[in-house]
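Taking it in order: structure first as structure tokens, then the write-up.
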Amino acid sequence: MRGTNSQYNKATNLRLILQVINKQPAISRIEIAKQTALTKQTISNLTDILDKAGLIKTLGISKSGVGKPSTLISLNSEGAYTLGVRVRVNSIEVGLYSITGELLDYLHNHIETLTPANISDLIASICTEQLQANAVDPSRVLGVGLLLPSTHRFNQSQRHTEHINRLQDDQISKDIQQQLETKMQLPVILENLAGAVALKETFFGAAKELKSFIYLYLGYSIDASFVIDNKLLVGFQGFTGRLGHLIVDAQGRECPCGNDGCLNQYASLSALEKHIEKHTRQAVELTHIIDNPQRYENLLKDWFDDMSEPMRIALNSLENLFNAETIIMGGDVPDWFLDRFIRSLRPFLPSIAQFNKRELPRLIRAPTEEHNAIKGAATLPIYFALNQQRVPNNNAETPPFSEEHLVSTSPAERLNAIIFNQ
Ligand SMILES: [Zn+2]
């Protein structure tokens, strides 16, 4: 990371310094100067601004090494906040986090009557109450990270037969995002589970040191995200990584997207539910299957056998296309399930990934963490505040200052306001 000493780039340099400070628990100004190629004087001036804005704090004096002792600084957990929201078919989960990734409050609301039409109202009222209950100043909130289910899942009774156009599904998600922005007057970032959790690993977890990796998320659909040099690959209009709709058998099973033979029809958790329901001839919830593996062992074994070939093809495509340092796999299932899933894919199909010496295995299970997805969602506003990357343009069809959609601020602009409006 290199900074620039021109005054014009003050905001850019401040953001760069915050990125560097964010990477370690404690750092000296001299070390920041080294890592950013900015002068010691510039670092001193800019860290003073961040200190006044309440975004950093002084930890103490470091006496290690040669030379003068230096003062260590870190991000101030009370400097800025972020909200992560995950909507599922009959629940809304909200996590309030500090900029340093500490969970301050978590709410799980079971709601039977959740529909695309009432989601934004419900989320807005839960988030507003949560901010008030924790006495968080809304001007210090960088934004909301939002994870939505595929909308065709809202109608449980029809979920196996209903065909919904993929684009129509995306449009409903965008509408919910825009409604929530207007209601909360905060930037709302819509992302898939894989993208959100990948950024969490980049910021706070196992992937901090990785140059490139793919995150695979096993849920009711299978998502993938791509991170290169700590930056998330953001697709056109903000959508990317729908690995579950990769066609693995052109003559295969019908998918709600309109194609035949999509990976989701074999290896997703919806495919698992369908497989068990087909053989037991009754509706079975995923949690019931996961909590009673012995009872379903024969059916589980058949399913792992059935999904292994389609999933190996998908993995081979990912490796040959991207050749990342590793692929990290997480999901809405316990560790034993992910371990068995990964084991059933061995031996992997040959690919470009097997050439040269590898430091990491080709596919690894994500580390266990409570509230993984929510923390991922909450990382999105922090990521877009600290990086120069533009927020995915989810509002392409809305004029920027229309009456219907007055929020024009991004997490980066909100961070600027925290820094400069003191
Ligand atoms: Zn499909």
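Using numbering that gives the first Met the number 0, the letters of the sequence shown correspond one by one to residues 0 to 421. For every residue, glycine included, the Cβ atom is placed at its ideal position computed from N, Cα and C.
**Study point:** Euclidean distance between Cα positions of Ile469 and Asp338
**Key:** Since the first residue shown for the chain is 0 and the last is 421, residue 469 is missing from the structure and cannot be characterised.
Review point. Along the chain, where does the alpha helix (DSSP H) that runs through Phe336 open and close?
Key: Along the sequence shown, read from residue 1 onward, the residue named residue 336 stands at position 337. For Phe336, the enclosing alpha helix (DSSP H) starts and ends at 334 to 342.
Check your understanding: For Glu253, which beta-bridge partners are listed by DSSP?
Key -> Here residue 253 refers to the residue found at position 254 when the sequence shown is read from its first residue. In DSSP, Glu253 forms a bridge with Asp259.
Point to revise | Element boundaries [beta strand (DSSP E), containing Thr70] | key: Working through the sequence shown from its first residue, we reach residue 70 at position 71. Membership of Thr70 in the beta strand (DSSP E) is indicated by the continuous run 69 to 74.
Check your understanding: Which first and last residues belong to the beta strand (DSSP E) in which His109 is found?
Key -> Indexing the sequence shown from 1 puts residue 109 at position 110. If you look at His109, you'll find it in the beta strand (DSSP E) that goes 102 to 109.
Practice item. Confirm the yes/no value for this check: CB of His244, any heavy atom of ligand 1, distance under 7 Å. Key: Your numbering for residue 244 matches position 245 in the sequence shown. Yes - ligand 1 has a heavy atom lying nearer than 7 Å to the Cβ of His244.
Check your understanding: Can you tell me whether Trp335 is buried or exposed, with buried defined as 16 or more other CB within 10 angstroms of its CB?
Key -> Here the question's residue 335 lines up with position 336 in the sequence shown. By the C-beta density criterion, Trp335 is exposed, having fewer than 16 other C-beta atoms within 10 angstroms.
Review point. Residues bridged to Arg85 by DSSP?
Key: Along the sequence shown, read from residue 1 onward, the residue named residue 85 stands at position 86. Bridge partners of Arg85: Glu92, Leu146.
Exercise for review: Decide if Pro399 is buried, meaning its Cβ has at least 16 other Cβ atoms within 10 Å, or exposed.
Suggested key: By 1-based counting over the sequence shown, the position of residue 399 is 400. With a pLDDT of 44 at Pro399, under the threshold of 50, the predicted position of this residue should be treated as unreliable, though the coordinate-derived value follows. Pro399 should be labelled exposed.
Practice item. Report the rounded CA-to-CA distance for Leu106 versus His370, giving the unit in angstroms. Key: The residue given as residue 106 occupies position 107 in the sequence shown. The residue given as residue 370 occupies position 371 in the sequence shown. Spanning the two alpha carbons is a distance of roughly 11 Å.
Exercise for review: Would you mind reading off the limits of the alpha helix (DSSP H) that contains Ile373?
Suggested key: Looking up residue 373 in the sequence shown gives position 374. Start and end: 371 to 385.
Practice item. Please classify Leu245: does DSSP put it in a helix, a strand, or coil? Key: Position 246 of the sequence shown, counted from the first residue, corresponds to residue 245. Here DSSP, grouped into helix, strand and coil, assigns Leu245 to coil.
**Study point:** Counted within 10 angstroms of its Cβ, other Cβ atoms place Lys207 as buried (16 or more) or exposed
**Key:** As a working mapping, residue 207 is identified with position 208 in the sequence shown. With fewer than 16 neighbouring CB atoms inside 10 Å of its own CB, Lys207 falls in the exposed class.
Review point. Where does Thr408 fall in DSSP's three states?
Key: Locating residue 408 in the sequence shown gives position 409, counting from the first residue. In this structure, Thr408 counts as coil in the three-state DSSP scheme.
Exercise for review: Identify every residue that forms a DSSP beta bridge with Tyr214.
Suggested key: One-based indexing of the sequence shown puts residue 214 at position 215. BP columns for Tyr214 point to Ser224, Ile327.
Point to revise | Supposed close pair Leu54, Leu71 - CB separation, criterion 8 Å | key: Position 55 of the sequence shown holds residue 54. Position 72 of the sequence shown holds residue 71. The pair is not a contact, with the Cβ atoms about 16 Å apart (cut-off 8 Å).
Check your understanding: In the structure shown, what three-state DSSP assignment does Gly240 receive?
Key -> Within the sequence shown, the letter at position 241 stands for residue 240. Three-state DSSP puts Gly240 in coil, outside helix and strand.
Review point. Can we count Asn322 as close to ligand 1, meaning its CB is less than 7 Å from some heavy atom?
Key: Start at 1 with the first residue of the sequence shown, and residue 322 comes out as number 323. Flag unset: Cβ of Asn322 not near ligand 1.
Review point. Three-state secondary structure (DSSP) at Arg364?
Key: On the sequence shown, position 365 is the one that residue 364 refers to. In this structure, Arg364 counts as strand in the three-state DSSP scheme.
Point to revise | Cβ shell of Asn75 (< 7 Å), same chain only, five flanking positions each side left out | key: Counting from 1 along the sequence shown, the entry for residue 75 is found at position 76. Excluding residues up to 5 positions away in sequence, Gly53, Leu54, Ile55, Lys56 lie with their Cβ nearer than 7 Å to the Cβ of Asn75 in the same chain.
Check your understanding: With DSSP run on the structure shown, which of helix, strand or coil describes Cys126?
Key -> Numbered from its first residue, the sequence shown carries residue 126 at position 127. Secondary structure at Cys126: helix, using DSSP grouped into helix, strand and coil.
Point to revise | Ile221 to Gln250 span [Cα, whole Å] | key: Within the sequence shown, residue 221 is the residue found at index 222, counting from 1. Within the sequence shown, residue 250 is the residue found at index 251, counting from 1. About 20 Å.
Point to revise | Other residues of its chain near Leu359: CB distance less than 7 Å, five sequence neighbours each side excluded | key: Position 360 of the sequence shown, counted from the start, is the residue given in the question as residue 359. Cβ within range, chain order: Glu324, Thr325.
Practice item. Evaluate Phe203 with the Cβ neighbour count: other Cβ atoms within 10 Å of its Cβ, from every protein chain shown; 16 or more gives buried, anything less gives exposed. Key: Reading the sequence shown from its first residue, position 204 is the one you call residue 203. Within a 10 Å sphere around the beta-carbon of Phe203 sit 16 or more other beta-carbons, which makes this residue buried.
Point to revise | Distance cut-off 7 Å: Cys254 Cβ against heavy atoms of ligand 1 | key: By one-based count along the sequence shown, residue 254 stands at place 255. Yes.
Exercise for review: Would you tell me roughly how many angstroms separate the C-alpha atoms of Gly375 and Leu192, rounded to the nearest one?
Suggested key: Position 376 of the sequence shown, counted from the start, is the residue given in the question as residue 375. Position 193 of the sequence shown, counted from the start, is the residue given in the question as residue 192. Distance between the alpha carbons of Gly375 and Leu192: 8 Å.
**Study point:** Boundaries (first-last residue) of the alpha helix (DSSP H) holding Thr57
**Key:** As a working mapping, residue 57 is identified with position 58 in the sequence shown. Per DSSP, Thr57 belongs to no alpha helix (DSSP H); it is in the beta strand (DSSP E), 55 to 61.
Review point. Once you ignore the five residues that flank Ser211 on each side, which residues in its own chain have a CB closer than 7 Å to its CB?
Key: What you label residue 211 is simply residue 212 of the sequence shown in a count that begins at 1. Excluding positions up to five away in sequence, the list reads Val226, Ile227, Ala323, Glu324.
Exercise for review: Provide the residue span of the alpha helix (DSSP H) that contains Glu314, from first to last.
Suggested key: The residue given as residue 314 occupies position 315 in the sequence shown. A small correction: the amino acid at residue 314 is Leu; Glu does not occupy that position in the sequence shown. 296 to 321 is the extent of the alpha helix (DSSP H) around Leu314.
Practice item. Give a yes or no on whether the C-beta atoms belonging to Pro380 and Gly144 are separated by under 8 Å. Key: For the purposes of this step, residue 380 is taken as the residue at position 381 of the sequence shown. For the purposes of this step, residue 144 is taken as the residue at position 145 of the sequence shown. Gly144 sits close to Pro380, with the two beta carbons spaced by under 8 Å.
Review point. Under the three-state reduction of DSSP, which class applies to Leu268: helix, strand or coil?
Key: Against the sequence shown, residue 268 aligns to sequence position 269. Here Leu268 sits in helix by DSSP.
Check your understanding: When you compare only the Cα positions, how much space is there between Ser119 and Leu179?
Key -> Against the sequence shown, residue 119 aligns to sequence position 120. Against the sequence shown, residue 179 aligns to sequence position 180. If you take the alpha carbons of Ser119 and Leu179, they lie about 5 Å apart.
Check your understanding: At a cut-off of 7 Å, is Cys126 close to ligand 1 when judged by its beta-carbon and the heavy atoms of the ligand?
Key -> Working through the sequence shown from its first residue, we reach residue 126 at position 127. Cys126: no, Cβ never under 7 Å from ligand 1.
Check your understanding: Closer than 7 Å: is that where the CB of Asn108 sits relative to any heavy atom of ligand 1?
Key -> Here residue 108 refers to the residue found at position 109 of the sequence shown. Because no heavy atom of ligand 1 lies under 7 Å away, the Cβ of Asn108 does not count as near it: no.
Check your understanding: Does the region 301 to 315 touch the region 336 to 356, meaning 3 or more C-beta pairs lie closer than 8 Å?
Key -> Touching, per the Cβ criterion.
Point to revise | Distance CB(Gln129)-CB(Val93) smaller than 8 Å | key: Within the sequence shown, the letter at position 130 stands for residue 129. Within the sequence shown, the letter at position 94 stands for residue 93. Result yes, Cβ atoms of Gln129 and Val93 sit closer than 8 Å.
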